[in-house]
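Working notes, beginning with the structure itself.
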Amino acid sequence: MAASEFQSLQGMSDIRAPEIYLWRMIEDEARKLFNCYGYEELRTPVLEKLSVFKRSIGDTTDVVQKEMYAFKDRGGRELAMCPEGTAGTIRHLAGCGEEGLNARVFYIAPMFRCERPQAGRKRQFHQVGVEATGEPNPLADAECIALQQNLLEAWGLVGSKIQISTRGARSDRQPVADGLREALQPHLNNLCEDCQRRIDENVLRVIDCKNEGCAKIVDQIPSALEFMAEESRQYLDAVIQALEKMGIEVEVNPKLVRGLDYYVHTVWEITHDALGAQNAIAGGGRYEIALGKKAVPGVGFAVGIERVITSLETCGITAEQFAPKGGIWLISLGEDALAENMKLARQLREKGNRCGMELADKSMKAQMRKANREGAEIVIIRGEDELAKGTVVVKDMEDGSQEEMNLEDVIRNA
Ligand code: HAM
Numbered sequence: 002m003a004a005s006e007f008q009s010l011q012g013m014s015d016i017r018a019p020e021i022y023l024w025r026m027i028e029d030e031a032r033k034l035f036n037c038y039g040y041e042e043l044r045t046p047v048l049e050k051l052s053v054f055k056r057s058i059g060d061t062t063d064v065v066q067k068e069m070y071a072f073k074d075r076g077g078r079e080l081a082m083c084p085e086g087t088a089g090t091i092r093h094l095a096g097c098g099e100e101g102l103n104a105r106v107f108y109i110a111p112m113f114r115c116e117r118p119q120a121g122r123k124r125q126f127h128q129v130g131v132e133a134t135g136e137p138n139p140l141a142d143a144e145c146i147a148l149q150q151n152l153l154e155a156w157g158l159v160g161s162k163i164q165i166s167t168r169g170a171r172s173d174r175q176p177v178a179d180g181l182r183e184a185l186q187p188h189l190n191n192l193c194e195d196c197q198r199r200i201d202e203n204v205l206r207v208i209d210c211k212n213e214g215c216a217k218i219v220d221q222i223p224s225a226l227e228f229m230a231e232e233s234r235q236y237l238d239a240v241i242q243a244l245e246k247m248g249i250e251v252e253v254n255p256k257l258v259r260g261l262d263y264y265v266h267t268v269w270e271i272t273h274d275a276l277g278a279q280n281a282i283a284g285g286g287r288y289e290i291a292l293g294k295k296a297v298p299g300v301g302f303a304v305g306i307e308r309v310i311t312s313l314e315t316c317g318i319t320a321e322q323f324a325p326k327g328g329i330w331l332i333s334l335g336e337d338a339l340a341e342n343m344k345l346a347r348q349l350r351e352k353g354n355r356c357g358m359e360l361a362d363k364s365m366k367a368q369m370r371k372a373n374r375e376g377a378e379i380v381i382i383r384g385e386d387e388l389a390k391g392t393v394v395v396k397d398m399e400d401g402s403q404e405e406m407n408l409e410d411v412i413r414n415a
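If you use the working numbering, the sequence shown corresponds to residues 2 to 415, in order.
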C-alpha cells in the first residue's frame, strides 16, 4: 500500500494525543464559560440543504461561490457540508417559534471549506461559536464581544486584538454601495481584475481586497461608514461605549467588511500576530437571516480552534500541560497475580482511578519501565507471597518509599 493510503485528505487532519489534550481543554473551558452566560449547546447536522447557506451567507460571497463542498444526493437533492455554523443554527431556531427568537446557543463543530490549503487555512477546521437571537440592541453586541474576550482569557490566550466596524442597517446597503461605486469610479482602471468585477457584484469586497494597489485606492476614498445613516453610526458608538465601560478595548477599522452577507450593524474580528497571513482567530457580528417569511435577528461569533492552538503555542501553552498524569500501575509477578490484578484493576477503575497494567506475563523490570513511561504515581506490586497473605506492596514513585498493605485497605482508600 502506498504511503498516501494512510494520509488524511489534504487540508484535513487527524487529531490525536498529545495535541488532543489542548483540544479538550479548549472545549471544557468553553462549555464552562457558556454555562455562566446562559448558552445551551446545539448540535446541528454537518449536511444541510444547499439553500440554507445560499440564502443566508449570500450568493456572491467566496464561501458560497468557491468554497463549499456541495453535491447532489441520490435523490437529486442539492446539499452542502456546513462551511460555518450560523446558517444551520438559525435554520434550527427559526423552526422553534417564539422560543427560537430569543435563544442563546453554542456549538463546537467541524466546518468544511474547499479552499486552497496553506498555513492556518484548512479544508476541515473546527469552530467554537455562539449565536444569540433577539432584536438589535448594542448591549447584546457588547455582551457577545465580552463573552468572546472571556473565552480567550479562559484559554490563556494573550496578545489578541479586536477590530470592530459596522455594516449599517439593511436600509444603508444601497446608499453605501452607490457611494462607494461612485468614489471608486475614477480609479476603475487601476483596480485589480477581481475588483473590476466586484465593483458591480459586491462592491464591499473591493474594500477588503488584499491587493496592494486596491488597498491604496481604498485609503483615498471615503469609508463605507460615511454613506450610512446617522443612527447606524450611533449604534456602533453605543457598542463601543458599552465595551469601554467593561474595560474592553477595540480598534475601529472601517475597512473591516467580513465575507458573509448576513451581517447588519456591528461586525468584528479578532487577530493575533502569531498567525501570519491568516491572522483571524475569530469573527463575529450582528446579522439578520431571512428564512421563509421570517427574518431572524441575532448576534454571534465563531473562533477557529486550529488558529487558537497556533496562537496558544506562542503564549507558551502546550498540549503536554493538559496530558492526563499520575494514576496507579499494577505489577503482576506470575500468572495468578496477573489474573487477580485484572480484578483489582476493575475495582480501582470503578472508583474513578486511572489504572493500568500489562496484560502479559513480563519481567518485573519491564513492568517497572512501563509504569515509569506511563507516569504512574503509585505502583502496586503483587506476587505469590502477597496473594497468599491478602496483601500488596504499594510503592510511591515520587519518593521511592514502599510498604506492604492489606489489599482490602488499599481498595477502600483508593
Ligand atoms: P468566519 O470569519 O468565516 O465567520 O470564521 C470564523 C473563524 O473560523 C475565523 O476567524 C477562523 O479562525 C476560522 N476559520 C475560517 N475559515 C477557516 C479555514 N479555512 N481554516 C481554518 N480556520 C478557519 C464565521 O464563520 C461566522 N459564522 C461567525 C459568526 C457567528 N458570525 C456571527 N455568528
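In this text, a Cβ means the ideal position worked out from N, Cα and C, and glycines have one as well.
Among the options, nearest to residue i - alpha-carbon criterion
i    : options               : result
V64  : A88, R44, R78         : A88
K162 : Q149, V265, G77       : Q149
F54  : L43, E79, N36         : E79
V47  : R17, G353, A320, H93  : H93
G77  : Y108, E42, K50        : K50
A338 : P84, Q221, E359       : E359
G157 : Q279, M398, K396, E30 : E30
Y288 : A361, R75, I306, G169 : G169
H273 : E307, C97, Y263, V258 : E307
A133 : G285, V204, K73       : G285
M365 : S333, V395, Q348      : S333
N103 : E41, E351, V265       : E41
A71  : K371, C115, F107, A95 : C115
K326 : A3, L261, P19         : P19
V131 : L226, N212, G305      : G305
G101 : D362, I91, Y108       : I91
C97  : L292, D74, L331, K396 : L292
V219 : P255, E250, M229      : P255
I412 : K352, A340, R370      : K352
Between the CA atoms of residue j and residue i - distance to the nearest angstrom
i    : j    : result
S57  : A377 : 52 Å
V207 : R199 : 6 Å
V159 : A283 : 14 Å
I290 : I21  : 35 Å
G39  : R105 : 7 Å
N354 : G328 : 7 Å
V393 : I379 : 12 Å
L181 : D60  : 20 Å
G277 : K246 : 31 Å
N373 : L23  : 23 Å
C196 : S52  : 26 Å
Q348 : I27  : 31 Å
Q235 : T267 : 11 Å
Y240 : N138 : Per the sequence shown, residue 240 should be read as Val rather than Tyr. C-alpha separation (whole angstroms): 9 Å.
E375 : A346 : 15 Å
G401 : Q322 : 24 Å
T45  : N36  : 19 Å
E270 : A147 : 13 Å
C193 : P223 : 19 Å
C356 : V395 : 14 Å
Completely contained alpha helix (DSSP H) runs for the segment 119 to 165, where each covers 4 or more residues: 139 to 155
Cβ contact check for the segment 133 to 145 and the segment 292 to 309: 3 or more pairs under 8 Å: yes
Would the segment 6 to 24 and the segment 114 to 134 be scored as touching if the rule is three or more Cβ pairs under 8 Å? Touching, yes, given that three or more Cβ pairs across the two stretches are closer than 8 Å.
Validate contact between the segment 162 to 175 and the segment 111 to 122 using beta carbons, cut 8 Å, 3 pairs: no
Can you give, in chain order, each stretch of the beta strand (DSSP E) that sits fully within the segment 280 to 319 and has at least 3 residues? 281 to 292, 295 to 305
For the segment 43 to 118, list the beta strand (DSSP E) runs that are entirely contained and at least 3 residues long, ordered along the chain. 48 to 50, 71 to 73, 79 to 82, 105 to 113
As an exercise, report each continuous alpha helix (DSSP H) stretch of at least 4 residues that is fully enclosed by the segment 323 to 360, in chain order. Entirely contained in the segment 323 to 360, the alpha helix (DSSP H) runs reaching 4 residues are, in chain order, 336 to 351.
Suppose only complete runs of 4+ residues qualify. What are the alpha helix (DSSP H) ranges in the segment 177 to 216, listed by chain order? 194 to 202, 205 to 208
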